[in-house]
Amino acid sequence: MNITLLFGTETGNSEMLCEDIESEFEGDHDFTISSLADVDPAAMETNTFHVVVCSSYGDGELPASAQPFADKVEKTKPDLTGLRFAIFGLGDSDYETFGEGSHQLADLLVAAGATQIGPRIVHDVQSGDLAEDVAYPWFTERVAEAEAAMEDA
Amino acid sequence: MTRKIAIVGAGPSGCYLAQSLLKLCKGDEPQIDMIDRLPVPYGLVRYGVAADHQGTKAVTRQFARLFERQGVGFVGNLSIGAEGDLTLDALREAYDVVVLAAGLSRDRKLGLEGEDLDGVIGAGTLTRCWNDHPDHADDTVTHGKRVVIVGQGNVAMDVLRILAKGAGEFEGSDLSDTHIDRIAAAGIEAIDIVGRSPAHLAKFDPVMVKEIGKIAGLKFEIADLGLSEGQDDPRLEAVTGLESSDDPRCTVTFRFGWTPTRFVGEGHVTAAHFARADGTETLDIPCDAVISAVGFRADDTLERDALVAAASDIDTGRLAPGLYAAGWFRRGPRGTIPENRTDSQAVAEAIAADLADMPEVDKPGSAALFARFDHLTDYAGWQRIDAHEQASAGEGRVRRKLADRAEMLKLALKAMETTP
C-alpha cells in the first residue's frame, strides 16, 4: 500500500516517530514522509493512506509545522472526500490540554470530508512507554483497516 | 574523503544541527563530533529545562540516536578557548568545520546598585544549581520567607513554580531532596513576581501561568491590572484566572509595569526597589532574596562578541571560512528549543552548501584530540553516568543526578582506562 506519513512537530519528536514507523515497516509498504507544512491539502491523493503523527504545543495549540497546513485547509476548504487517514498524537499529561493538537487536526480533516480510520491515540510522554512501542501495533491495526476499506471502495 | 565537523556545545542547538547536517548530507555523511566542557551531553536540556518538566527533557531521546545509531562522536570534558584545554584555532586545525553552539550560559546583569548583595542571584545560576550542574552546586540563596522574582518570562515562571510547589509536588521529576529540603526549610510565605510590561504584554506563555495555578496551597494577588484595561489577551486571562486556595501557605503576587531601580541591604538584601517607567510611582518590597530572570549573555571563554562582530554573515551562522555559530550563541538569548531547532536547520543548510566548495584536506578530527589529552570522555562514559543516575533515583524521582565533577569523571573514564 502507498502510505504517506505526515508529521506535525515542534521539537522533532513526531518526525522521529514517522521515521521509526518507516524503518520498522519499510519492506511492507511504499512510504513517503513529509512535514505537514509542505503538504497542499488539495493535492492529497485518495489512493494513498495518510498517517499523521502530531504533537501539541503551548496551551493545546497545533505545533508549528501543522499550523500552515491547518490554515490552508481552513482558508481553501478543499473537499477531502475519499481521503483516508489515521492519526497518532504525542502529548504530555502534565497539561490539561493533553493531545489537543492531534484532536484539532483530526476534527479539521473530518470536517473537510476525509474519513478517519480507527481511533486516535495519544502517547503520553509521562507514561514511561516508548512512543514507537505504542505506535507500531496501532499502525499495524490501522493499516489492516485501511486496506479493507480501500478494497471495499 | 570524509569531512570532519566539530560542534562545540552538546546542547539542543548543537544536537539539532548535527541531526540536520546528517539529513542534508545523506550518502556522503561527515564525521561529526560534539564537544562539551562537561563529561555529559545535552547542555540546556539537562541543566536549564526545569527538573519538573521531564516531558521537555524527553527530547534527549532524539539526541541519543545521534550517538547510538548515527555515528556522531561525543568528546566530553574538553573546554575550548584561550583559557581552556584547547584554543579555538587549534580545534579548527583538527577539523574541516567548527560550529560554536555553546549557548549563553551567564545571567544578564541588571547593572543596578545592590545587585551583588548576598541573597541576590540570577535565575540561570539558580536553575543550574537546582539541576545539579557540577559548577553550581553551591550557587543558591537562602530563600527566606519573602522572595522577589524580577522578570516574567518563562524562566521566571520556572523559578516561581519550583519555589511555590510543596515538597510533595515533585513526583516524576529529578529535583533532588537536597534542593527540595532547602526550599521547604525556608518556609516561603510571599513571592512577588515583578515585570516591566503590563500583563497583556508580559513575556510568559499563558500555559506556564496555568501550570502554577495547579499548585496546592497558594493565594494569588494580581496587581496593576489597570495597565491592561480594555485589553483582551490570553496572558491577561491566564493571570486573572488563577484561583486561590482557601488555606494558603504562600501568597504569590503578580506585579506589572515596574522597572527595578536598586536592591538595598547591609551585606544581605532586605528590599527590592522599583519604579514606573515614567517615574510617577515607586514600589519598595521588603524581601530576603531576589532572583533576577532578565535574560542571558555569553561567558567570555569563546570571545563571542568579537567573533559575532567580525562574522561574514551572522544571519546564516557564517563567522569565518570553516567557522560557524548556531543557537543562542548565534542569535542571542531569544527563542525556545523549537525555535532554535529551526535556526539550527538553517545553519546546517549553509554548512552543507559550503562543504561542496571547501578544499579537500585530510583533517584528523577527534583522533587528534584523544591523542593529545588523556582526560577526555566519550559517549559510553555518559551512558555509565546515565545508568548510574537512573539506578540511584530516589522514590518518586526519575534520576539522581551526579553533581560532583570528580564522581562523574570516575564513572566516565572508568572503562576507557582499561580499554587497551
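These protein sequence lines map, in sequence, to chains A and B. For the first sequence, counting from 1, position 17 maps to 19 in the working numbering; every step adds exactly one. For the second sequence, counting from 1, position 110 maps to 120 in the working numbering; every step adds exactly one. Even for Gly, the Cβ is constructed at its ideal location relative to N, Cα and C.
Check, Outcome
"Output, in sequence order along the chain, the residues in the segment 107-132 of chain A whose CB is closer than 7 Å to any CB in chain B.", "127 and 128"
"Going by Cα to Cα distance, which pick from 121(B), 379(B) and 407(B) is closest to residue 104(B)?", "379(B)"
"Grab me the residues of residue 116(A)'s own chain with a C-beta within less than 6 Å of its C-beta, minus the 5 sequence neighbours each way, in chain order.", "82, 85 and 87"
"Using alpha carbons as the reference points, say which of 26(B), 13(B), 87(B) and 27(B) lies closest to residue 415(B).", "87(B)"
"Any beta carbon from chain B within less than 8 Å of residue 24(A)'s own beta carbon?", "no"
"Counting Cβ pairs, one atom from each stretch, are 3 or more of them under 8 Å apart for the segment 14-32 of chain B and the segment 113-127 of chain A?", "no"
"Rounded to the nearest angstrom, what separates residue 131(A) and residue 122(A) at their Cα positions?", "17 Å"
"Give the straight-line distance between the Cα atoms of residue 396(B) and residue 142(B), rounded to the nearest whole angstrom.", "14 Å"
"Any idea what DSSP makes of residue 52(A), helix, strand or coil?", "strand"
"Based on Cα-Cα distance, which residue from 43(A), 124(A) and 12(A) lies nearest to residue 6(A)?", "43(A)"
"If I measure Cβ to Cβ from residue 336(B) and keep anything under 6 Å in the same chain, skipping five residues before and after, which residues do I get?", "23, 27, 109, 111, 327, 354 and 357"
"Enumerate in chain order the residues of its own chain whose CB-to-CB distance from residue 429(B) is below 8 Å, with the five nearest sequence positions on each side excluded.", "Unreliable placement is indicated for residue 429(B), whose pLDDT of 49 sits below 50; no coordinate value is reported for it."
"With DSSP as the reference, label residue 18(A) as helix, strand or coil.", "helix"
"Does the beta carbon of residue 19(B) sit closer than 8 Å to a beta carbon anywhere in chain A?", "no"
"Taking residue 311(B) as the reference, which of 96(B), 76(B) and 282(B) has the closest Cα?", "96(B)"
"Quick check: residue 51(B) and residue 387(B), are their CB atoms within less than 8 Å of each other?", "no"
"Pick helix, strand or coil for residue 174(B), following the three-state DSSP scheme.", "helix"
"Tell me the DSSP secondary structure of residue 26(B) in three-state form.", "helix"
"Should residue 385(B) go down as buried or exposed, given a rule of 16 or more other Cβ atoms within 10 Å for buried?", "exposed"
"Is the CB of residue 97(A) under 8 Å away from at least one CB in chain B?", "yes"
"Does the distance from the C-beta atom of residue 72(A) to that of residue 110(A) stay below 8 Å?", "yes"
"Would you mind reading off the limits of the beta strand (DSSP E) that contains residue 283(B)?", "278-285"
"State buried or exposed for residue 61(B), treating a residue as buried only when at least 16 other CB atoms are found within 10 Å of its CB.", "buried"
"Measure the C-alpha to C-alpha separation of residue 263(B) and residue 202(B) and round it to an integer number of angstroms.", "5 Å"
"Any beta carbon of chain A sitting closer than 8 Å to that of residue 430(B)?", "With a pLDDT of only 46 at residue 430(B), under the threshold of 50, the placement of this residue in the model should not be trusted, and no figure is reported."
"In the DSSP assignment, what are the bridge partners of residue 307(B)?", "116(B)"
"Going along the chain, which residues of its own chain have a beta-carbon closer than 6 Å to the beta-carbon of residue 70(A), five neighbours each way excluded?", "39"
"If contacts are defined as beta-carbon pairs under 8 Å, then residue 128(B) and residue 278(B) qualify, I think. What distance do you get, rounded to the angstrom?", "4 Å"
"Is it the case that the segment 151-170 of chain B contacts the segment 204-224 of chain B, given that we only count it when at least three CB pairs across the two stretches are under 8 Å?", "yes"
"Taking 8 Å as the threshold (C-beta atoms), are residue 8(A) and residue 36(A) in contact?", "yes"
"Mind pulling the chain B residues with CB within less than 7 Å of residue 137(A)?", "Within 7 Å Cβ-Cβ: nothing; residue 137(A) doesn't reach chain B, min ~14 Å."
"Let me check understanding here. Comparing Cα to Cα, which of 94(B), 40(B), 64(B) and 124(B) lies closest to residue 275(B)?", "124(B)"
"Taking the alpha carbon of residue 346(B) as the reference point, which residue from 13(A), 29(A) and 4(A) has its own alpha carbon closest?", "13(A)"
"Under the three-state reduction of DSSP, which class applies to residue 4(A): helix, strand or coil?", "strand"
"At a Cβ threshold of 8 Å, is residue 40(A) touching chain B?", "no"
"Rounded to a whole number of angstroms, what is the C-alpha to C-alpha distance between residue 126(A) and residue 181(B)?", "16 Å"
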